[in-house]
Every structure is written in structure tokens, then in C-alpha cells.
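Peer 1: One structure coming up, written as C-alpha cells, with questions to follow.
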Amino acid sequence: MLSGEIIFIIVLILSLYGVVVAISFFAVRRMKQNLKKKEIDARHRMYELAILKEISDRTGYSLNIQKILDVIAGSLNQFLEYSVAGYMLIGADKIIFKADLERSVSPQFIKDVRMRMLKSLEAILGVSVPDAQVEETITGAVMLETVLEPVRSYFNIPLVVSGKLAGLLTIAHTKEGLYKEEEIAILYKIVNQASRAVSKLEDVVRTEQSKVAAMLEGMVEGVVMTDRDYRVVAANPSAKEVIGYTQEGMPTFFDFTTGLKDTFDIKTKLEEATKLDKVLASDDIVIKGKHYEVLVSPVKANTGPAKGQILGGAVVFHDITHEKEAEKMRNDFTSMMVHELRSPLGNIKKIGEMLKSKEIVENKELSAEYVGMLYESSSTMLDLVNDLLDVSKLEAGKFDVDKQQVSIKELIVDRVKFFDTSAQGAKIELSSYFGERVPERVLIDAKRIVQVVNNLLSNAINFTPQGGKVMVACFMHKKGFNIDEEAHQQNIQWFDVDERKISSAISDCLVVAVTDSGEGIEHENIGKLFNKFTQFSSSIREREHKGTGLGLVVAKGIIEAHGGTIGLGSKEGAGSTFYFTINL
Amino acid sequence: MPKKILIVDDDKVFSKILKDAFLAGGQGKYTVVAAFDGEEGFATAQREKPDLVMLDLVMPKMDGIGFLRALRAESWGVELPVIMETGMDDFKKMSDGVELGVRGYIIKTDYSIEAVLRQVGDILKV
């Protein structure tokens, strides 16, 4: 009985032991399996980190996906077994296919891989990709016709940069049943991380580029930036204008070389600037009729691992046309002035020489004529010197007016009388007009205003043909009324002076105007009349009319120093009205 | 038979001096006609057929070079002796003048009347 119970207990214990042993056995096995899995995971993780580090080390801040793919493909053998590792990259005008053979395969094998990759690309892109566009490079082991193994294991991973398919990474083997999901996932992760990094970098670059573009956009100077391979990275609207590029978008480097042909060798200059590592300045380059100062400078990285490395070049076009024109005007003015002073001076010298000769001395009439000529030549010179002096005083802001109460009527009547003889000689009818309420006295520098009236009257008489009319009019202007209408109401000889209809804004003042029935002035020349440089040179061409041509420039200065305005209206072939205002 | 000189110059004082120099200093060897711009000068030359032209460079309407070109295009003007009156720095125009067969120059601000008379006398062989 007892022994039966004992046996039962023993059996129970034994079976419990068996269960425990069995459980322990399985537990240990599971533990072992877990450990092994963890070890593999760790190895994969290590590989993953190692390859990411390698990518970042070897490519730096590069945007070159091909370089990144080379790194990945070159290190895959540490982690996977394969016959061929390769990639396909979508370029601008071709597809790069690179395959690295770990062991020899047949050409058919490569062809097969290539076809499978193309098919995948087509499937993802949704367009057909012709095989002819593929540029193939094979490295590693040799291809052998004798190896007849086909592709038995195969997978590819798409490479997406900035949301766009950039290419494919492919692994293929002659053995069957390789590449588990887990391995594919790791590789996918690596490729994904690499492409994310590139995408981010591209974002940064794009933001920087748009910042640069925005900065360049508004610049007056034309700016072109190129990379080391002379591809245009940035070109602002001013730069496009320099080469006459009218299309939308970025011009190519070729557009620049052709646009600057025969005037500026942009490529050689860029080469030189990068080689010498310094800014090259070219003064006065004439492009399409405009003058430019052109600066060519190397562009260097100033941060990151590539610091100090030359990234490309920049060309800046600074338009100096205005400066050149002003310079030319100044030079012309100086030489004209010298000419104008030298001619009468030369004549004075010659007159002196003639006056010494017996023939002249003995001829009373002739010698009197020569004395008259002497007087006239020296007067011409003195007038010119005085005008030049006035102009330089005006420019220096040292032009003083000495205002006193003066009868403007008397002043004008006196001037009309003074010019009457010459007007009669030229058979011109000279008259004056005074409107209502013209004040008895006004506060002016009489000497200076006389100078202005003299100038306007002598011009009017000079430019009016025989039988013409010249009128000096003096009337009141009221604020809110138009000068031209005021003149017409008084029925005086008048050519409209207020083209822009702004005279109603002028406060109450006295208007003095000289109107002639001369040849008139071309509209485009009106603005030049009060400019020292243009006026002086045009007076040379019209030398048949006396005067230095600076009279109007001086007149403007005098009137402005009085706080008034001076202007004119003209009708070609009919005549002109020159007017000025005197504040009350 | 006195030789006829045409002076084409818009500087009336200069023209007058030159004229008097030819008349007074030439002892009856010259008669002088004057014109005061290029166009008038060409019309006068055509009408008067002078033996020599004293020609200014800078003139209104038609300048000295324009006058010369017009002159050389005429059968009567091809060989007509011309003396140009120039400034000291008109090199470009001087060389244009040489191409157009100018026989001599006077520098306007620095010439001697005697030298001009001698030069003209040599050319016209009087």
C-alpha cells in the first residue's frame, strides 16, 4: 500500500522534474535564440551607423547623390552577400547605371539586372525610359560568358530626394532564397536616411539660393555667379539686361559668352580670377553701347568642411555709362571753353599786329575799324569770362543777390529802349505790355534782373527773322489760376509755357515774359537750354548768333536766387515765350 | 591778273584780318571773297571759282571737312588748293584734310601773317 503511494509520489516527482527540465530547455533555447537575434540586430545597427558615418565623412556637405550611392554600394559586402550591387541614377539627359560585380557573372545576368531596374523605374515614373539613354559602367570582377547562372535573388530600393525619384539601388544574386525582409528593411533605412539628408541639404541650398536670388534681384549691378564647371548658378535681371537676354528663366553660360563676344572674355577672366585667387577689375568695357566696369571674383566657401575651397566665380557688371557721359561732357565743355576764349584772344593778338603795320596806320578808316574790332573781341571775351564766373558762383552756391525796391516798369521800359536800335536794325517790331495791378515797386537785385532781361531780349531778337515781333509782357499771376490762361485773357503774344498744368499752384507773383516770333525750339532741346554743358556746346554750332550760350544758365541761377521760377514754351516755326516770376 | 582768295570762316574778325592781310600785304596780287559758313562757302566757290581757299574747320551748317568733300567731288574743285585753319589739337581733322589733298595749315591762334602770305605766294606762284 505504502509502496504504491511512494511509487506514485516518485513518478509524480520524476514527471515534474521532466516538465521542469523540458521548460528550462526550451527557455534556454529561447534565450539563446533571443541573444543571437539581438547580436544580429546589433551587428546590423553597427553596420547602419558605420555606413551612415562613412557617407557623411566621405561626402561631407555634398549634394552629389552618385557619390553617396558609391559609398553605400561599396560597403554593402560587409553586410550582405550578393553577386552584383548596382544603382541607376536619373540624370538631366541620361541615366547612369553602375554595377559592381562581387563575383563573376554572365553578361546576360547584367543585362537582366539592367532590364529589371529600367522596368522598375518606368513603373515608378509612369513613363517609358528608353534603354538607349542608359550609360553603363561595370566594375569589380569580370563578366564571363561561361557562367550561366541567372538572377535568382533580387531586390531594389528607390532613392527619393526632395520628394522626387532620383534613382534605384539594386542587389542581385545567383543563389536562390536570399534577402529576407529584415535585411531589405535595413538597407531601405540606410538609403532612406541618406536621401533624407540630401533632401534636407537641398532644401538648405535652395533656401540659400533663393535668398541670394532675392538679394541679387533688386541690385542695379548685373551679377552672374557660376560654379566651378562654369554653370550659371545665379544671374539677376540686370545681368540679363547686360547681355540682352529677354527670355524667362536663367540664362546659360553660353548665353553670356555669346552675349559678351568680342567685348569681354568672361570664361578666361573667371579662370584667371580663380587661378590667381583675386578680384580682377576691367575698366570701361563697352557692351551694346553701354559702358561697364566689370569685376570678376572667385567665390570661396567660408564655412563647413570645404572652407577656403573655391566653389566658382562671380562677375559683377557696374554700369558707368552716366559717369562716362558726364566725363565726356566735362571734357567737351573744357575744350569748347578753351576754344571760345582762344579765338578772340588770338584775334586780339592779330589785330595788334595789324595795327602796327604801315598800311593800317596810314588808313584812318581802317584803323578805326580795327580799334572797333579790338573792342568787340575783348568784350566777347569779357562776357564769356563773366558768364563763366557767374556759373561757377552759382554752382558753388556763392551767388548773392542784393535786393532793393525797384520800379519794374521803369526797368523794362529802359531795356526795351536799349534794344530798340538793334531791333530796328533787324527790322523787328519790339513792344512792351503791362497788365493791371502791376505793383509800382518790387524787391529785386536790379542789376541781376537787368542781366536776365538783356539775355532774354537779345536771344529773342537774334532768333527772330526780319519782319518778326518781340514783346516784353509784365502781368500779375494769381494762385489758383493758370499762367497760360491768364496770358490769353490779356490777349498778348504768347506760346503756352505750362504744359504740365501746374502753374495754378504758384503763389501770387509778377510774371515777366519775352515772346518772339522766331524759329521756335525743338521740344527735345528745351531741357538742354538751362544746362551748362549742353548749352555751351550747342552755342558753338549756332555761332552765327552771338553770345556764349551760358546766358540762360546764369539767368536761371539769378531767378532762382530770387526765389522765382524761369521757363519757356515754344512752337516750332512760330516762336517762343521765355518767362520768369518775381515773388511779391 | 590778281589771284582770287576765298576765305571760309565763321569768325568774322579772323576773316576780316586775313582779308586785310591779303589786300594790304599782297600789294595788289590778290582779291578776296569771304563766306561765313560751309554751305555759303561752297556756293561762293562754285560761283567765284577762286584760285585758293582758306578754310576753317569748325563752322555752322557745313564744317570744313564737309566743305572739302563737296569740293573734291566737283571737277573744278579737285585740284583747287586749300589751306586749312585749325586749332592746335585737331589732329583727326588734320589727317582727314591731308587725305582730301589739303596743301597747308595755319594754326589759328599761332600764325604769322607774313608766313601765310609766303605760303599762299608759293602755292600760287606769285
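Protein chains in written order, with the working numbering: chain A, 7 to 590; chain B, -6 to 119.
Just so it is clear, CB atoms sit at the ideal spot from N, CA and C, and this is done for glycine as well.
Only a predicted model underlies this, so the values are computations on that prediction, with no experimental measurement involved.
So, at 6 Å on beta carbons, what are the nonlocal neighbours of A/Y3 in its own chain, with the 5 sequence-adjacent residues on each side left out?
Peer 2: Outside the displayed span of chain A (7 to 590) sits residue 3 of chain A, for which this structure offers no information.
Peer 1: Going by C-alpha to C-alpha distance, which of A/E491, A/N497, A/K399 sits closest to A/I508?
Peer 2: A/E491
Peer 1: Verify whether the separation of the beta carbon atoms of A/G575 and A/D502 is less than 7 Å.
Peer 2: yes
Peer 1: Say the cut is 6 Å; is the CB of A/E141 nearer than that to a heavy atom of the ligand GTP?
Peer 2: Because no ligand of any kind appears in the structure shown, any question about the ligand GTP cannot be addressed here.
Peer 1: For the structure I just gave you, are there three or more beta carbon pairs, one from the segment 435 to 451 of chain A and one from the segment 473 to 491 of chain A, closer than 8 Å?
Peer 2: With contact defined as three or more Cβ pairs closer than 8 Å, the segment 435 to 451 of chain A and the segment 473 to 491 of chain A are in contact.
Peer 1: With a CB to CB cut of under 7 Å and the five nearest residues on each side skipped, what residues in its chain are close to A/E578?
Peer 2: G526, E528
Peer 1: Report all residues from its chain with a CB closer than 8 Å to the CB of A/E365; omit the five preceding and five following residues, and keep chain order.
Peer 2: L372
Peer 1: Give the DSSP-derived three-state secondary structure of A/L266 in the structure shown.
Peer 2: coil
Peer 1: Step through the CB atoms of chain A and report whether any lies within less than 7 Å of the CB of B/K101.
Peer 2: Taking a beta-carbon distance threshold of 7 Å, B/K101 counts as an interface residue toward chain A.
Peer 1: Run down chain B in chain order and give the residues with a C-beta less than 8 Å from the C-beta of A/S383.
Peer 2: V6
Peer 1: For the segment 177 to 235 of chain A, which segments carrying the beta strand (DSSP E) assignment without a break, of at least 3 residues, lie completely within its bounds, in sequence order?
Peer 2: 228 to 233
Peer 1: Should the segment 131 to 148 of chain A be regarded as contacting the segment 175 to 190 of chain A, the criterion being three or more beta carbon pairs within less than 8 Å?
Peer 2: no
Peer 1: Rank B/V25, B/M87, B/T79 by C-alpha distance to the C-alpha of B/P43 and give the top, closest one.
Peer 2: B/V25
Peer 1: Are the segment 226 to 245 of chain A and the segment 318 to 338 of chain A touching by the rule of at least three beta carbon pairs closer than 8 Å?
Peer 2: yes
Peer 1: Quick check: what's the CA-CA separation for B/E92 versus A/I414?
Peer 2: 59 Å
Peer 1: If I measure Cβ to Cβ from B/L11 and keep anything under 7 Å in the same chain, skipping five residues before and after, which residues do I get?
Peer 2: I0, M47
Peer 1: Give a yes or no on whether the minimum CB-CB distance between B/I0 and chain A is below 7 Å.
Peer 2: No, B/I0 does not count as interfacial toward chain A.
Peer 1: Using a C-beta to C-beta distance shorter than 8 Å, which residues of chain A count as neighbours of B/G80?
Peer 2: H345, R348
Peer 1: If the criterion is Cβ atoms closer than 7 Å, does the pair B/P53 and B/D89 meet it?
Peer 2: no
Peer 1: A/G378 lies in the alpha helix (DSSP H); which residues open and close that run?
Peer 2: 370 to 402
Peer 1: Within this structure, are the beta carbons of A/I57 and A/I249 separated by less than 7 Å?
Peer 2: no
Peer 1: So what does DSSP say about B/M77, is it helix, strand or coil?
Peer 2: strand
Peer 1: On the three-state DSSP scale, how would you describe A/Y53?
Peer 2: A/Y53 falls in the helix class under three-state DSSP.
Peer 1: Please report how far the alpha carbon of A/T340 lies from the alpha carbon of A/L394, in whole angstroms.
Peer 2: 11 Å
Peer 1: Taking contact to mean 3 or more Cβ pairs, one atom from each stretch, closer than 8 Å, check whether the segment 297 to 305 of chain A and the segment 272 to 289 of chain A are in contact.
Peer 2: yes
Peer 1: Is there a Cβ of chain A sitting closer than 7 Å to that of B/A28, yes or no?
Peer 2: The beta carbon of B/A28 does not come within 7 Å of any beta carbon belonging to chain A, so the residue lies off that interface.
Peer 1: In terms of alpha-carbon separation, which member of A/Y53, A/N465, A/I71 lies closest to A/A200?
Peer 2: A/I71
Peer 1: Going by DSSP, which residues form a beta bridge with B/Y104?
Peer 2: B/Y104 is not bridged to any residue.
Peer 1: Taking all protein chains shown into account, decide if A/H568 is buried (16 or more other Cβ within 10 angstroms of its Cβ) or exposed.
Peer 2: Burial call: buried.
Peer 1: For A/E359, which residues in chain B fall below 7 Å Cβ to Cβ?
Peer 2: I106
Peer 1: Establish whether the CB of A/K356 and some CB of chain D are separated by less than 7 Å.
Peer 2: Of the protein chains in the structure, A and B, none is chain D.
Peer 1: Starting from the Cα of B/K5, find the closest Cα among A/T309, A/S349, A/G80, A/Q39 and give me that residue.
Peer 2: A/S349
Peer 1: 7 Å is my cut-off, CB to CB: does B/I76 come that close to chain A?
Peer 2: no
Peer 1: Which residue or residues does DSSP assign as beta-bridge partners of A/F440?
Peer 2: Under DSSP, A/F440 shares a beta bridge with A/C480.
Peer 1: Within its chain, find whatever has a CB closer than 8 Å to the CB of A/R488; leave out the 5 residues flanking it on each side and keep chain order.
Peer 2: The sequence given here has Asn at residue 488 of chain A, not Arg. Once the five neighbours on either side are set aside, the close Cβ partners of A/N488 are D504, K507, S509, S510.
Peer 1: If you draw a straight line from the C-alpha of A/Q114 to the C-alpha of A/G146, how long is it?
Peer 2: 16 Å
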